[in-house]
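Here is the structure we will look at.
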Amino acid sequence: MVGDVSVMAQSSGSDLGSYLPLVFLLALGAIFAGVSATLGALVGPKRYNRAKLEAYECGIEPSPQPVVGGGRVPVAYYLTAMLFILFDIEMVFLYPFAVSADALGVFGLVEIVLFIATVGFAYAYVWRRGGLDWN
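With positions in the sequence shown counted from 1, the corresponding number in our numbering is that position plus 434.
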C-alpha cells in the first residue's frame with residue numbers, strides 16, 4: 435500500500451511538470467504586456483488636445499444630448515450579424531468533418547453534403563430576398 439502511494443506521488447509531480455512551458459509562456463506574455471504599456475506611457479508623445487481626449491464616435495461629431503427620435507438602428511445591421519453567425523457556425527461544423535473525413539466514410543460524406551445543401555438553401559433564400567443588398 436505504501437509503495438502505491440509513492441508511485442502516485444511521483445506521477446502527479448510529472449503531470450504538473452508538463453504545464454511548466456504553459457506557465458512560462460503566460461508569464462512571458464504578462465511581462466511583455468506590462469513592459470509595453472509602461473514604456474508606451476513613459477516614452478510616447480505627450481501632445482494632448484481636445485479632439486484626442488473626446489470619445490471616438492466613428493467619425494461623427496459626438497453630441498452631448500441624444501438625438502430626439504433618431505436613435506433607431508437599421509434592420510440591415512442585425513440581418514448582417516445573423517448571417518455572419520450562421521456562416522460562422524457552418525465553418526465550426528465543417529472543421530471537424532475535414533479533420534476526420536476518412537474515418538467517417540460515405541455516411542459522413544452524405545451528412546456533410548446534406549448540411550451544406552441546407553445552408554446553401556438558406557444562403558439562396560437570403561440572397562433572393564435581398565438580404566445581401568446594401569441600399
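Positions of the beta carbon are idealized from the N, C-alpha and C atoms, including for glycine.
Bear in mind the structure is a predicted one, so any value in this text is a computation, not a measurement.
Under the 8 Å Cβ criterion, the region 473-487 does not count as touching the region 520-536, having fewer than three qualifying pairs. By the C-beta criterion, the region 470-477 is judged not to be in contact with the region 511-531, since fewer than 3 inter-stretch pairs fall below 8 Å. For SER452, the secondary structure class from DSSP, reduced to helix, strand or coil, is coil.
Per DSSP, the unbroken alpha helix (DSSP H) holding ARG562 starts and ends at 535-562. Under the three-pair Cβ rule at 8 Å, the region 547-566 counts as touching the region 515-525.
Annotated three-state conformation of PRO508 is coil, per DSSP. In the DSSP assignment, ARG484 falls within the unbroken alpha helix (DSSP H) covering 484-487. Just measuring C-alpha positions, the residue of ILE465, GLY565 and PHE466 sitting nearest ALA510 is GLY565.
Take the alpha-carbon of ALA464 and the one of LEU543: they are about 44 Å apart.
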